[in-house]
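Please read the structure below before turning to the comments.
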Amino acid sequence: MRFQGRDWSAVIEGERLGLLDGDWWSKRATVVAQAAVKDVTWLPPILPRTILCVGRNYRGHAAELGNDVPAEPLFFLKQWGALTAHEAVVTAPSWAGRIDYEGELVLVIGKTVRNVTSSREAVDAVMGLTVGNDITARQLQSRDGQWTRSKGFDGFAPVGPWVVLDQHPEGRQVTTTVNGLVRQDASTDAMIFPCDRLIMEASRFMTLYPGDLIFTGTPAGVGPVESGDTVEVTVQGVGKLSNLIKNGD
Ligand code: MN
0 MRFQGRDWSA VIEGERLGLL DGDWWSKRAT VVAQAAVKDV TWLPPILPRT
50 ILCVGRNYRG HAAELGNDVP AEPLFFLKQW GALTAHEAVV TAPSWAGRID
100 YEGELVLVIG KTVRNVTSSR EAVDAVMGLT VGNDITARQL QSRDGQWTRS
150 KGFDGFAPVG PWVVLDQHPE GRQVTTTVNG LVRQDASTDA MIFPCDRLIM
200 EASRFMTLYP GDLIFTGTPA GVGPVESGDT VEVTVQGVGK LSNLIKNGD
């Protein structure tokens with residue numbers, strides 16, 4: 000995880016944070032100080048080169064928006080400035096029309112890979128797991144015909160709070176609440192293209208680098224948010240990502 004101040008990296012130790020000095024990536028970092036979890040302002044837990052996403056990867060979600068299930072993974076990108084943190088306020092431009100939440104499991108890549116052809120190699124390319132909200136301006140999405148703008152507003156990719164160093168995304172419940180009411184609740188086992196397949200297919204056309212994020216798609220139950228709503232996305236065994244939505248320009 001990362002938080003504001005001196006751009007610390009840290010590890011969670013209960014309600015405390017162990018602040019790291021050194022190169023945590025190579026596991027040579029040591030804990031040099033402590034802070035309380037409640038006192039920190041969160042940053043995105045990792046700075047990716049690329050935020051790769053997958054559309055329509057759950058049957059129920061494809062159906063609810065009137066789309067067919069794709070024959071191969073439907074990849075798109077979110078621009079880097081969309082990245083934001085746990086507990087950051089997300090600005091929903093009032094001129095952009097309907098704004099939707101999309102709770103998702105997010106893979107964090109740990110190795111430079113290209114042309115991954117086996118499931119084992121794909122699993123090995125994963126450094127860890129985190130939680131994301133693929134916020135979407137739904138009306139602009141259909142109006143534009145492609146998704147650069149509708150999914151790419153600054154702040155439309157909240158990620159966090161932290162990365163769990165675990166290579167196994169299977170069988171995890173993804174649950175999204177708006178103001179405490181459950182709107183999405185499905186297992187990652189319901190993905191059309193599982194995570195290993197996503198890595199294989201993505202690496203056929205692009206090199207994946209350490210720190211890159213892959214949003215793995217959202218289950219059924221997407222819907223609009225209003226200014227003042229709090230959206231919380233929980234991935235079982237990973238964490239809970241919380242963001243307040245506010246109208247703005
Ligand atoms: Mn999505």
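If you're matching positions, the sequence shown starts at 0 in numbering that gives the first Met the number 0 and goes up one per residue. Note that the Cβ used here is the ideal one computed from N, Cα and C, for glycine as well.
State the beta-bridge partners of residue 157 as determined by DSSP.
Here residue 157 is bridged, per DSSP, to 83.
Beta bridge counterpart(s) of residue 132 as assigned by DSSP
Its beta-bridge partners are 102.
Output the distance between the C-alpha atoms of residue 147 and residue 51, rounded to the nearest integer angstrom.
A direct Cα-to-Cα measurement between residue 147 and residue 51 gives close to 12 Å.
So, residue 214 versus residue 143, is the Cβ gap smaller than 7 Å?
Contact flag unset, no.
Three or more C-beta pairs closer than 8 Å, one from the region 117-127 and one from the region 179-190: is that the case here?
Taking one beta carbon from each stretch, the region 117-127 and the region 179-190 have fewer than 3 pairs nearer than 8 Å; the two do not touch.
Is residue 41 helix, strand or coil by DSSP?
Assigned with DSSP and collapsed to three states, residue 41 falls in strand.
Any heavy atom of the ligand MN closer than 6 Å to the Cβ of residue 271?
A query on residue 271 cannot be resolved here, the shown segment of the chain reaching from 0 to 248 and no further.
Just grab the DSSP bridge partners of residue 247 for me.
DSSP, once it has assigned bridges, lists 92 as partnering residue 247.
I need the straight-line Cα distance from residue 124 to residue 43, nearest angstrom please.
Distance between the alpha carbons of residue 124 and residue 43 is about 20 Å.
Quick one: residues in its chain with C-beta nearer than 7 Å to the C-beta of residue 73, no 5 flanking neighbours on either side, listed in chain order?
Hits under 7 Å: 53, 54, 55.
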